[in-house]
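K.L.:
For this note's numbering, count along the sequence shown from 1 and bump the result up by 79.
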Amino acid sequence: MIRPPYRKPFRAQAEPHIARAPSNPDFLLATFQEGRFTNGGAVDCGYSVSRDGGLTWSRALSPKLTTTSGGPYLRATDPVAAVDLNGTAYLNTIGATNSQFTTGAVVVSRSTDGGNSFLQPVVVYQSANSTLLPDKNWMAVNTFAGTPTVGRIVVTYSLFDFANLSVNGAPIMRSFSDNGGLTWSAPAAISPTTRDTQSSQPVFLADGRLAIVFWNFNNTDSSADDFMQVVVSNDGGNTFGAPKFITPVNLYAEPAIRSGGFLPSANADRAGHLFVVYQALSAGSPKILFTKSSNAGDTWTAPIPITDNPVGSGVFNPAVSASPDGQIVTVVFYDHRDNPGSTTLVDMYLAQSFDGGATWRPNIRLTNVSSDATLAPLTGGGYMLGDYLGVAEPTSRDVPAVPVWIDTRTGNPDPFVARVGIAPSFDFTSWQAGRLSLGQITNPATGGQAGDADHDGEDNKSEFLSGTDPNDAASVSHTARQLNISTRTRVEAGDENALIGGFIITGSDPKQVIVRAIGPSLTARGVPGALQNPTLELAPENGAHIFNDNWKDADTAAIQATGIPPVDDRESAIVQTLAPGRYTAIVRGVSNTTGVALVEVYEIPPANSSQLGNISSRSFVGLDDNVMIGGFIVGSGQGINGTGSVRVVVRGIGPSLASRGVSGPLQDPELLLFNSNGTPIAANDNWRSTQQSEIEASGLAPEDDREAAISTTLTQGNYTAIVRGKNGTIGVGLVEVYTVR
Numbered sequence: 080m081i082r083p084p085y086r087k088p089f090r091a092q093a094e095p096h097i098a099r100a101p102s103n104p105d106f107l108l109a110t111f112q113e114g115r116f117t118n119g120g121a122v123d124c125g126y127s128v129s130r131d132g133g134l135t136w137s138r139a140l141s142p143k144l145t146t147t148s149g150g151p152y153l154r155a156t157d158p159v160a161a162v163d164l165n166g167t168a169y170l171n172t173i174g175a176t177n178s179q180f181t182t183g184a185v186v187v188s189r190s191t192d193g194g195n196s197f198l199q200p201v202v203v204y205q206s207a208n209s210t211l212l213p214d215k216n217w218m219a220v221n222t223f224a225g226t227p228t229v230g231r232i233v234v235t236y237s238l239f240d241f242a243n244l245s246v247n248g249a250p251i252m253r254s255f256s257d258n259g260g261l262t263w264s265a266p267a268a269i270s271p272t273t274r275d276t277q278s279s280q281p282v283f284l285a286d287g288r289l290a291i292v293f294w295n296f297n298n299t300d301s302s303a304d305d306f307m308q309v310v311v312s313n314d315g316g317n318t319f320g321a322p323k324f325i326t327p328v329n330l331y332a333e334p335a336i337r338s339g340g341f342l343p344s345a346n347a348d349r350a351g352h353l354f355v356v357y358q359a360l361s362a363g364s365p366k367i368l369f370t371k372s373s374n375a376g377d378t379w380t381a382p383i384p385i386t387d388n389p390v391g392s393g394v395f396n397p398a399v400s401a402s403p404d405g406q407i408v409t410v411v412f413y414d415h416r417d418n419p420g421s422t423t424l425v426d427m428y429l430a431q432s433f434d435g436g437a438t439w440r441p442n443i444r445l446t447n448v449s450s451d452a453t454l455a456p457l458t459g460g461g462y463m464l465g466d467y468l469g470v471a472e473p474t475s476r477d478v479p480a481v482p483v484w485i486d487t488r489t490g491n492p493d494p495f496v497a498r499v500g501i502a503p504s505f506d507f508t509s510w511q512a513g514r515l516s517l518g519q520i521t522n523p524a525t526g527g528q529a530g531d532a533d534h535d536g537e538d539n540k541s542e543f544l545s546g547t548d549p550n551d552a553a554s555v556s557h558t559a560r561q562l563n564i565s566t567r568t569r570v571e572a573g574d575e576n577a578l579i580g581g582f583i584i585t586g587s588d589p590k591q592v593i594v595r596a597i598g599p600s601l602t603a604r605g606v607p608g609a610l611q612n613p614t615l616e617l618a619p620e621n622g623a624h625i626f627n628d629n630w631k632d633a634d635t636a637a638i639q640a641t642g643i644p645p646v647d648d649r650e651s652a653i654v655q656t657l658a659p660g661r662y663t664a665i666v667r668g669v670s671n672t673t674g675v676a677l678v679e680v681y682e683i684p685p686a687n688s689s690q691l692g693n694i695s696s697r698s699f700v701g702l703d704d705n706v707m708i709g710g711f712i713v714g715s716g717q718g719i720n721g722t723g724s725v726r727v728v729v730r731g732i733g734p735s736l737a738s739r740g741v742s743g744p745l746q747d748p749e750l751l752l753f754n755s756n757g758t759p760i761a762a763n764d765n766w767r768s769t770q771q772s773e774i775e776a777s778g779l780a781p782e783d784d785r786e787a788a789i790s791t792t793l794t795q796g797n798y799t800a801i802v803r804g805k806n807g808t809i810g811v812g813l814v815e816v817y818t819v820r
């Protein structure tokens with residue numbers, strides 16, 4: 080949602096439009112009525128600017144337009160946006176010059192600073208008397224470099240003369256500016272003989288010609304009651320040829336929401352094709368129809384329905400855009416199909432073609448919540464969502480289509496946008512286009528499968544597979560897992576001073592693990608005073624204990640098959656397939672011998688739904704080399720080259736062990752966390768001092784305020800957690816690593 084800058088009573092927005100900068104696809108300009116009245120026009124017209132392809136928006140009122148924003152006009156309506164090759168942004172609106180909105184002025188505002196501010200509106204046309212009223216303006220900018228009128232702005236509008244309406248009808252007028260909207264040409268009719276016209280759509284073609292598509296409701300001009308025509312100017316809007324017939328139209332109005340005439344939508348690609356969509360009855364049922372010209376409007380394809388809405392279900396307000404080569408054609412529209420029988424509940428839908436409009440894919444629903452049009456102002460023509468909406472074109476596979484529409488899910492009519500990656504089938508490229516700006520995509524750190532825009536440890540490939548938001552670190556599925564835990568500390572005599580490792584297997588499937596007790600081989604790693612003959616006991620929460628002393632005396636083949644048998648024959652190991660639950664591994668010295676030992680738990684491939692969800696070790700914490708050192712490994716995730724992350728809480732526990740019957744607990748533990756390079760990641764003494772709310776939210780807050788805890792996200796690699804006593808104190812401590820889901 081493009082959020083409004085104020086609250087009720089003027090929250091009703093209507094009639095949105097959007098434009099993309101041709102030289103910077105990440106720059107988008109949207110505009111809409113602000114504070115729509117029930118009897119014509121709005122308090123003002125507003126605009127929103129996005130500089131990241133529609134991910135974020137800044138919003139403001141059009142300055143000095145109406146009296147609300149310091150301007151001369153009493154109301155405003157019919158906002159249209161455009162951006163030229165130099166990045167100058169334009170807003171075209173109609174301002175009311177009397178309170179009844181029976182006279183008005185067509186104006187254009189411009190911004191030369193990237194949408195940060197807009198200059199005072201310049202008058203294109205103002206009613207000369209109280210019977211003349213301009214209506215249904217539209218704007219086009221020539222963005223085709225090398226053409227004679229590049230940079231020209233053309234504004235068209237119908238001019239109603241209410242004093243002589245039956246005689247003069249309503250011609251379509253045009254004015255143009257060749258100096259960035261500072262001054263404008265005198266208005267001129269695009270056809271001196273064509274009257275009773277409305278809903279003009281000026282479009283520049285690739286060779287600089289200007290085509291203006293419009294609706295003709297004068298049944299004396301053709302055998303059809305309603306039909307569409309086009310006039311073409313070979314000199315970019317100075318002069319025009321005779322109108323050309325496009326198609327008859329079996330008019331379909333949407334009476335509950337917007338009765339009266341329809342507005343077609345026209346657009347051109349950068350290869351010379353002209354596209355038109357409109358709402359009409361086709362075989363007696365409401366449809367959005369599509370037609371195309373490849374010769375500057377001389378001839379048109381037979382109109383075809385491009386919506387697959389059920390018979391009798393209404394569709395209306397289409398908008399069309401095309402890729403530069405004209406192959407990808409995108410059409411958005413309002414649709415009733417998800418609420419059979421309702422005339423006021425609507426959704427936004429999309430139709431797309433990947434062969435220039437020859438064939439069309441099944442329609443796609445863009446909204447997940449239907450809008451209730453009765454929340455919009457009720458005017459004489461129905462509930463006012465607007466006479467049109469807009470869609471910014473996809474300029475490449477990395478740039479999404481961005482439709483804008485009025486949505487009432489907040490309880491008020493507000494402008495909403497969506498970013499739609501356009502592709503024949505859902506793939507990473509279309510996913511990325513819909514979720515990352517072009518600037519992010521072209522930056523290797525944030526775009527592509529290996530990029531990580533929100534720095535949550537899961538790269539874009541992983542976010543794509545998980546369906547999470549690559550720009551929101553809170554929207555993440557951590558795909559890595561803890562594969563092993565090891566703790567090194569001094570083993571003393573007696574059960575109280577044994578090295579005790581605990582772990583939990585989560586999930587529903589049995590998990591094969593190897594548990595090792597290492598001692599003698601630590602000497603070769605430079606550890607003094609190693610335990611020379613460790614024993615290992617594996618104790619489930621319920622069930623028989625398993626014991627090993629000297630690993631070759633047990634299941635030698637199974638231990639060797641893991642690829643990680645102990646180095647020394649005196650060391651111990653147990654390989655078991657364990658059901659989900661809690662387990663304890665206890666390391667002691669044979670005959671109550673003492674020394675530094677290591678207890679380890681490894682997950683054995685293949686991976687399944689179960690995993691090591693929490694691992695801990697309890698032992699005596701001494702000084703210097705006899706502090707408790709816990710090591711653990713974070714395995715691979717589902718990203719590129721196994722990239723992934725896991726959210727963990729690491730805890731250093733001491734004082735609360737006394738309540739569990741442990742004598743001599745460490746009274747004030749300190750906790751330090753390092754990566755495999757020895758670089759400190761985090762440290763904590765007294766868990767409430769740093770990440771209190773985050774740790775409490777995990778449900779893993781220590782019982783005693785003196786205990787330590789760290790909450791962090793870790794990626795694939797080896798990590799070390801050190802627990803020591805503050806100020807050189809000693810005692811029994813516990814190091815724990817929990818996976819947080």
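In this text, a Cβ means the ideal position worked out from N, Cα and C, and glycines have one as well.
Every value quoted in this text rests on a predicted model; they were computed, and no experiment measured them.
Does the stretch 146-156 come within contact of the stretch 119-130, defined as at least 3 CB pairs closer than 8 Å?
P.N.:
Contact holds: three or more Cβ-Cβ distances are below 8 Å.
K.L.:
Can you pull the DSSP bridge partners for A160?
P.N.:
Counted from its first residue, the sequence shown places residue 160 at position 81. Bridge partners of A160: L170.
K.L.:
Closer than 8 Å by C-beta to P744: which residues in its own chain qualify, once you throw out the five before and the five after it? Chain order, please.
P.N.:
Along the sequence shown, one-based indexing puts residue 744 at 665. These residues qualify, in order along the chain: G733, P734, S735, L736, A737, G810, V811, G812.
K.L.:
Give the secondary structure of P83 by DSSP, where H, G and I count as helix, E and B as strand, and everything else as coil.
P.N.:
Here the question's residue 83 lines up with position 4 in the sequence shown. The pLDDT assigned to P83 is 48, lower than 50, so where the model puts this residue is not dependable; a value taken from the coordinates is nonetheless given after this. DSSP places P83 in coil when its eight states are reduced to three.
K.L.:
Quick check on the DSSP output: what are the complete beta strand (DSSP E) runs of length 3 or more inside the stretch 418-476, in order along the chain?
P.N.:
Those beta strand (DSSP E) runs which fall completely within the stretch 418-476 and span 3+ residues are 424-432, 469-471.
K.L.:
Closest by CA to R337, which one among P271, N221, P456, W379?
P.N.:
The sequence position of residue 337 within the sequence shown is 258, counting from 1. The shortest C-alpha separation from R337 is found at P456.
K.L.:
In chain order, which beta strand (DSSP E) runs of at least 3 residues are fully inside the stretch 688-768?
P.N.:
DSSP runs (the beta strand (DSSP E)) wholly in the stretch 688-768: 690-700, 707-713, 724-732, 748-754, 759-763.
K.L.:
Only counting runs of 3 or more residues, tell me where the beta strand (DSSP E) segments fall wholly within the stretch 218-266, in order along the chain.
P.N.:
Segments of the beta strand (DSSP E) lying fully in the stretch 218-266: 232-240, 251-256.
K.L.:
What whole-angstrom Cβ distance do Q197 and P142 have, given they're in contact under 8 Å?
P.N.:
Start at 1 with the first residue of the sequence shown, and residue 197 comes out as number 118. Start at 1 with the first residue of the sequence shown, and residue 142 comes out as number 63. One detail in the question is off: residue 197 reads as Phe in this sequence, not Gln. That pair is a contact at about 6 Å.
K.L.:
Cβ of V203 within 7 Å of Cβ of I269?
P.N.:
Here the question's residue 203 lines up with position 124 in the sequence shown. Here the question's residue 269 lines up with position 190 in the sequence shown. Taking 7 Å as the Cβ cut-off, V203 and I269 do not qualify as a contacting pair.
K.L.:
Which class does S302 belong to by DSSP, given the choice of helix, strand or coil?
P.N.:
Taking the sequence shown and counting its residues from 1, the one referred to as residue 302 is at position 223. Since pLDDT at S302 reaches only 44, below the 50 mark, its modelled position is unreliable, and the value read off the structure follows with that caveat. Note: S302 maps to coil in three-state DSSP.
K.L.:
Within 7 Å (strictly less), CB to CB, does G174 reach chain C?
P.N.:
Judged by its chain identifiers, the structure shown contains no chain C, having just a single protein chain.
K.L.:
Alpha carbon to alpha carbon, how far is E94 from V411? Give it in angstroms, no decimals.
P.N.:
Here residue 411 refers to the residue found at position 332 when the sequence shown is read from its first residue. Here residue 94 refers to the residue found at position 15 when the sequence shown is read from its first residue. Each residue's Cα considered, the two are about 14 Å apart.
K.L.:
In the DSSP output, what is K366 paired with across the bridge?
P.N.:
In the sequence shown, residue 366 corresponds to position 287, counting from 1. Looking at the DSSP assignment, K366 forms a beta bridge with A359.
K.L.:
Where T167 and T176 are concerned, what is the direct C-alpha to C-alpha distance, given to the nearest angstrom?
P.N.:
Taking the first residue of the sequence shown as 1, we reach residue 167 at position 88. Taking the first residue of the sequence shown as 1, we reach residue 176 at position 97. Cα to Cα, T167 sits roughly 27 Å from T176.
K.L.:
Decide if N442 is buried, meaning its Cβ has at least 16 other Cβ atoms within 10 Å, or exposed.
P.N.:
What you label residue 442 is simply residue 363 of the sequence shown in a count that begins at 1. Flag for N442 reads buried.
K.L.:
Compute the Euclidean distance between the alpha carbons of V187 and V201, then round it to the nearest angstrom.
P.N.:
Counting from one through the sequence shown, the residue named residue 187 turns up at place 108. Counting from one through the sequence shown, the residue named residue 201 turns up at place 122. The straight-line gap from Cα to Cα measures roughly 5 Å.
K.L.:
Using the C-alpha atoms, what's the distance from S279 back to N208?
P.N.:
Locating residue 208 in the sequence shown gives position 129, where the first residue counts as 1. Locating residue 279 in the sequence shown gives position 200, where the first residue counts as 1. Approximately 23 Å, taken between the alpha carbons.
K.L.:
Just to confirm, is the Cβ distance from V220 to A161 under 7 Å?
P.N.:
Taking the sequence shown and counting its residues from 1, one reaches residue 220 at position 141. Taking the sequence shown and counting its residues from 1, one reaches residue 161 at position 82. For V220 and A161, yes; Cβs fall inside 7 Å.
K.L.:
Inspect the beta-carbon positions of D426 and R440 and report whether they are closer than 7 Å.
P.N.:
Position 347 of the sequence shown holds residue 426. Position 361 of the sequence shown holds residue 440. It is not a contact, given that the beta carbons lie outside the stated cut-off.
K.L.:
Is it the case that the Cβ atoms of E620 and R661 are separated by a distance below 7 Å?
P.N.:
Mapped onto the sequence shown, residue 620 falls at position 541. Mapped onto the sequence shown, residue 661 falls at position 582. It is a contact, given that the beta carbons lie within the stated cut-off.
K.L.:
Hey, how far is the Cα of T210 from the Cα of L238?
P.N.:
On the sequence shown, position 131 is the one that residue 210 refers to. On the sequence shown, position 159 is the one that residue 238 refers to. Near 10 Å, if we compare the C-alpha coordinates of L238 and T210.
K.L.:
Can you tell me whether D493 is buried or exposed? The criterion is at least 16 other CB atoms within 10 Å of its CB, across all chains shown.
P.N.:
For the purposes of this step, residue 493 is taken as the residue at position 414 of the sequence shown. Counting Cβ neighbours within 10 Å, D493 comes out buried, since at least 16 surround it.
K.L.:
Quick check: the stretch 340-357 against the stretch 370-390, are at least 3 beta-carbon pairs closer than 8 Å?
P.N.:
Verdict: yes, contact present.
K.L.:
Which value, in whole angstroms, describes the spacing of the CA atoms of S689 and G710?
P.N.:
Along the sequence shown, one-based indexing puts residue 689 at 610. Along the sequence shown, one-based indexing puts residue 710 at 631. Rounded to the nearest angstrom, the two C-alpha atoms are 21 Å apart.
K.L.:
What residue range does the beta strand (DSSP E) around E815 cover?
P.N.:
Residue numbering aside, residue 815 sits at position 736 when the sequence shown is read from its first letter. Residues 810-818.
K.L.:
Helix, strand or coil for K143, going by three-state DSSP, please let me know.
P.N.:
As a position in the sequence shown, residue 143 is number 64, starting the count at 1. In the structure shown, K143 sits in coil (DSSP, three-state: anything other than H, G, I, E or B).
K.L.:
Whose C-alpha, out of I712, T273, N671, F699, is nearest the C-alpha of I683?
P.N.:
Along the sequence shown, read from residue 1 onward, the residue named residue 683 stands at position 604. The residue with the shortest Cα to Cα distance from I683 is I712.
K.L.:
Are there 16 or more other CB atoms within 10 angstroms of the CB of Q179, so buried, or fewer, so exposed?
P.N.:
Here residue 179 refers to the residue found at position 100 when the sequence shown is read from its first residue. Exposed is the call here.
K.L.:
When the Cα of G536 is compared with those of P389, R667, S724, which residue comes out closest?
P.N.:
Counted from its first residue, the sequence shown places residue 536 at position 457. Out of P389, R667, S724, S724 has the C-alpha closest to the C-alpha of G536.
K.L.:
Would you mind stating whether A577 and N671 have Cβ atoms separated by less than 7 Å?
P.N.:
Position 498 of the sequence shown holds residue 577. Position 592 of the sequence shown holds residue 671. Taking 7 Å as the Cβ cut-off, A577 and N671 do not qualify as a contacting pair.
K.L.:
Would L842 pass as a contact of P101 if the rule is Cβ separation under 7 Å?
P.N.:
This structure gives no information on residue 842, because the portion of the chain shown stretches from 80 to 820.
K.L.:
Going by the DSSP bridge assignment, what does W484 pair with across the sheet?
P.N.:
In the sequence shown, the residue the question calls residue 484 occupies position 405. Paired residue(s): F495.
K.L.:
Spell out the partners DSSP gives E333 in its beta bridges.
P.N.:
As a working mapping, residue 333 is identified with position 254 in the sequence shown. According to DSSP, which records beta bridges pairwise, E333 is partnered with R337.
K.L.:
Return the residue from the list G133, R90, R604, R288 that minimises the CA-CA distance to I97.
P.N.:
Here residue 97 refers to the residue found at position 18 of the sequence shown. The residue with the shortest Cα to Cα distance from I97 is G133.
K.L.:
Have a look at V26 and L752 and give me their C-alpha separation to the nearest angstrom.
P.N.:
Outside the displayed span of the chain (80 to 820) sits residue 26, for which this structure offers no information.
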